[in-house]
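For reference, the structure is listed below as structure tokens.
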Amino acid sequence: MKRDPDLQAAAAEVRAIYREWEARPIERNCTGLSDCCRFKMTGRTPFLTKGEALVAALAWRAAGRTSVPETADGACPFLKGSRCQIYDGRPFGCRTHFCEAAGGPAARKDVRDLIQRLEAIDARLGGNGGVNLPGAVAAAMERPGKKRR
Numbered sequence: 028m029k030r031d032p033d034l035q036a037a038a039a040e041v042r043a044i045y046r047e048w049e050a051r052p053i054e055r056n057c058t059g060l061s062d063c064c065r066f067k068m069t070g071r072t073p074f075l076t077k078g079e080a081l082v083a084a085l086a087w088r089a090a091g092r093t094s095v096p097e098t099a100d101g102a103c104p105f106l107k108g109s110r111c112q113i114y115d116g117r118p119f120g121c122r123t124h125f126c127e128a129a130g131g132p133a134a135r136k137d138v139r140d141l142i143q144r145l146e147a148i149d150a151r152l153g154g155n156g157g158v159n160l161p162g163a164v165a166a167a168m169e170r171p172g173k174k175r176r
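All residue numbers in the sequence shown are consecutive under our numbering, ending with 176.
Dropping the structure here:
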């Protein structure tokens with residue numbers, strides 16, 4: 028992923044939104060069960076904006092990875108055992124909506140402003156709304172002119 032000042036600024040904005048969410052006085056507690064990461068089992072896959080996908084891709088690259096693996100069991104490609112390998116870079120949906128054990132879905136009124144900011148970043152980056160997690164991060168991992176494997 029090339030160093031683009033616009034992309035770096037967008038990633039910084041997304042991380043700021045994540046920090047703001049974490050600072051809100053809403054009781055959430057990831058218990059590490061990873062059931063929410065088993066998309067085929069739950070029937071729910073997070074959809075990411077381009078900014079969220081960028082942050083996840085940067086976290087994946089920082090772990091030394093160059094592509095997003097496919098999973099035979101329909102689990103999140105970033106799940107290893109019961110641990111998220113991009114936990115600090117995990118998408119907003121993973122932080123707020125998917126895990127019953129962590130407190131279940133956050134109320135829309137508690138996240139609406141943050142979602143709108145993520146959508147504004149998406150629009151600036153040329154996004155067109157949410158894309159499923161594996162596809163969104165795989166696209167963010169691509170370098171201009173490089174074909175996906």
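The beta-carbon is built from N, C-alpha and C at its ideal position, and this holds for glycine as well.
Remember, it's a predicted structure, so these values are computed and weren't measured experimentally.
Integer Cβ distance of residue i from residue j, believed to fall under 8 Å
| i | j | result |
| --- | --- | --- |
| A86 | I44 | Going by Cβ atoms, the distance from A86 to I44 rounds to 15 Å, so no, they are not a contact pair. |
| E47 | L141 | 7 Å |
| E79 | V41 | 6 Å |
| A147 | G116 | That belief does not hold up - the Cβ atoms of A147 and G116 are roughly 20 Å apart, past 8 Å. |
| P96 | L160 | In fact, because the Cβ distance is near 13 Å, the residues do not count as touching under 8 Å. |
First and last residue of the uninterrupted alpha helix (DSSP H) at residue i
| i | result |
| --- | --- |
| Y45 | P32 to A50 |
| P161 | L160 to M168 |
| V138 | R135 to R151 |
| G120 | F119 to T123 |
| T69 | F66 to T69 |
Residues of its chain near residue i, where Cβ-Cβ distance is below 6 Å and the 5 sequence neighbours each way are ignored
| i | result |
| --- | --- |
| K77 | D149, L152 and G154 |
| G120 | P73 |
| L60 | A128 |
| T98 | P104 |
| G162 | none |
Opposing strand residues paired with residue i [DSSP bridges]
| i | result |
| --- | --- |
| C111 | L106 |
| F74 | N159 |
Minimum Cβ-Cβ distance from residue i to chain D less than 8 Å
| i | result |
| --- | --- |
| A99 | You won't find chain D in this structure, because it holds only one protein chain. |
Neighbourhood of residue i by C-beta distance below 7 Å, restricted to the same chain and skipping five residues each side
| i | result |
| --- | --- |
| R175 | Here the model assigns R175 a pLDDT of 38, short of 50, so the residue's position is not dependable, and the following value carries that caveat. So the list reads A165 and E169, once near-sequence residues are dropped. |
| R122 | Y45 and W48 |
| C57 | C126 and A129 |
| G157 | F74, L75 and T76 |
| H124 | P132 and A133 |
Cβ neighbours of residue i in the same chain (closer than 8 Å, five flanking residues each side left out)
| i | result |
| --- | --- |
| R65 | D100, G101, A102, C103 and L106 |
| G172 | The predicted position of G172 is uncertain, since its pLDDT is 36 and thus under 50; a value taken from the coordinates is nonetheless stated next. For G172, where only same-chain residues beyond five positions count, there are no Cβ hits under 8 Å. |
_Touch test, the region 47-55 against the region 132-142, Cβ-Cβ under 8 Å, three pairs minimum_ = Flag = yes, the region 47-55 and the region 132-142 touch.
*asked:* Pairs of beta-carbons, one from the region 33-41 and one from the region 99-107, closer than 8 Å: are there three or more?
replied: By the Cβ rule, the region 33-41 does not count as touching the region 99-107, because fewer than three pairs are nearer than 8 Å.
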